[in-house]
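Asker: This is the structure I have questions about; it appears just below.
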Amino acid sequence: MPAPTESGDAGMGAGADTGKGQVMVDREFSIHVVGVAYLNADGSNRLFAVRTCRPGDPIELRPEPKHPLDEHAIAVVDQRGEQLGYVPADRAPWIGSKMRTDPVTAIFQEETRGGAAIRVRIGEGAPTLPPILPEEVERDDWDAVDPEGPEFGA
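Letter by letter, the sequence shown follows residues 36 to 189 of this note's numbering.
The structure is reproduced here in structure tokens:
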């Protein structure tokens with residue numbers, strides 16, 4: 036079964052059998068980049084690299100089979116060649132297996148609290164950014180004042 040997406044669905048597509056004899060064409064999902072707080076081997080700052088990225092910028096996913104801690108590690112690299120971090124360890128084996136059999140592309144989605152999110156597409160075509168939802172604004176009683184003023188004539 037495919038790895039679940041951020042929203043919890045199974046991210047069906049890219050030739051995946053739906054269980055009903057149907058085959059979906061593409062898979063697209065968002066993932067959090069881990070390890071952003073660490074420095075790169077050359078001393079460059081990953082968080083600074085994240086902050087220079089813009090939504091939609093191309094991202095390269097580089098498998099690191101000789102990584103000393105995880106043979107499934109996949110580095111997340113921006114268009115300037117700066118490493119932003121890694122694909123989470125629980126997703127890396129599945130994404131790595133897809134990279135060996137299907138086209139996999141990624142774009143920068145957004146800076147998040149303590150890291151970044153990327154959008155990944157498995158299958159033909161480019162990933163698309165999800166719609167931006169308006170931020171919920173906290174309101175207090177002063178924001179809800181009657182526009183015609185109080186009844187007591189102030």
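Here a beta-carbon is modelled for each residue, glycine too, at the ideal position from N, C-alpha and C.
Please specify which runs of the beta strand (DSSP E), each continuous and at least 3 residues long, are wholly inside the segment 53-123, giving them in chain order.
Answerer: Runs of the beta strand (DSSP E) inside the segment 53-123: 62-68, 93-98, 109-112 and 118-121.
Asker: Ordered along the chain, which non-local residues of its own chain (more than five positions away) have a Cβ less than 6 Å from that of E63?
Answerer: Working through the sequence shown from its first residue, we reach residue 63 at position 28. Correct list, in chain order: R156 and P162.
Asker: Our contact map puts L119 next to A72 with C-beta atoms below 8 Å; I'd like the distance itself, whole angstroms only.
Answerer: The residue labelled residue 119 in the question sits at position 84 within the sequence shown. The residue labelled residue 72 in the question sits at position 37 within the sequence shown. Not confirmed; about 11 Å, so no contact.
Asker: Does DSSP classify P169 as helix, strand or coil?
Answerer: Here residue 169 corresponds to residue number 134 of the sequence shown, with the count starting at 1. Three-state result, P169: coil.
Asker: If H107 and G70 are in contact, beta carbons under 8 Å, what's the gap, nearest whole angstrom?
Answerer: Position 72 of the sequence shown, counting from 1, holds the residue named residue 107. Position 35 of the sequence shown, counting from 1, holds the residue named residue 70. Wrong, their Cβ atoms sit about 14 Å apart, outside the cutoff.
Asker: DSSP three-state call for T136: helix, strand or coil?
Answerer: Mapped onto the sequence shown, residue 136 falls at position 101. In the structure shown, T136 sits in a helix (DSSP, three-state: H, G or I).
Asker: Quick one: Cα of S65 to Cα of I153, how far?
Answerer: For the purposes of this step, residue 65 is taken as residue 30 along the sequence shown, with counting starting at 1. For the purposes of this step, residue 153 is taken as residue 118 along the sequence shown, with counting starting at 1. Cα-Cα distance, rounded: 6 Å.
Asker: What's the gap between the Cα of V68 and the Cα of E99?
Answerer: Locating residue 68 in the sequence shown gives position 33, counting from the first residue. Locating residue 99 in the sequence shown gives position 64, counting from the first residue. Computed Cα separation, rounded: 15 Å.
Asker: Quick check on DSSP: helix, strand or coil for G131?
Answerer: One-based indexing of the sequence shown puts residue 131 at position 96. DSSP places G131 in helix when its eight states are reduced to three.
Asker: What three-state label does DSSP hand R126 in the structure shown?
Answerer: Position 91 of the sequence shown, counted from the start, is the residue given in the question as residue 126. R126: coil per DSSP, three-state reduction.
Asker: Measuring only the C-alpha atoms, how far is E146 from R115?
Answerer: Taking the first residue of the sequence shown as 1, we reach residue 146 at position 111. Taking the first residue of the sequence shown as 1, we reach residue 115 at position 80. Straight-line Cα distance between these residues: approximately 17 Å.
Asker: Just confirm the distance between the C-beta atoms of M16 and L96, as a whole number of angstroms; I'd bet it's less than 8 Å.
Answerer: For residue 16 there is no data in the structure shown, the boundaries of the chain being 36 and 189.
Asker: Can you give the Cα-Cα distance for P165 and Q144, rounded to whole angstroms?
Answerer: Taking the sequence shown and counting its residues from 1, the one referred to as residue 165 is at position 130. Taking the sequence shown and counting its residues from 1, the one referred to as residue 144 is at position 109. In a straight line, the C-alpha of P165 is about 8 Å away from that of Q144.
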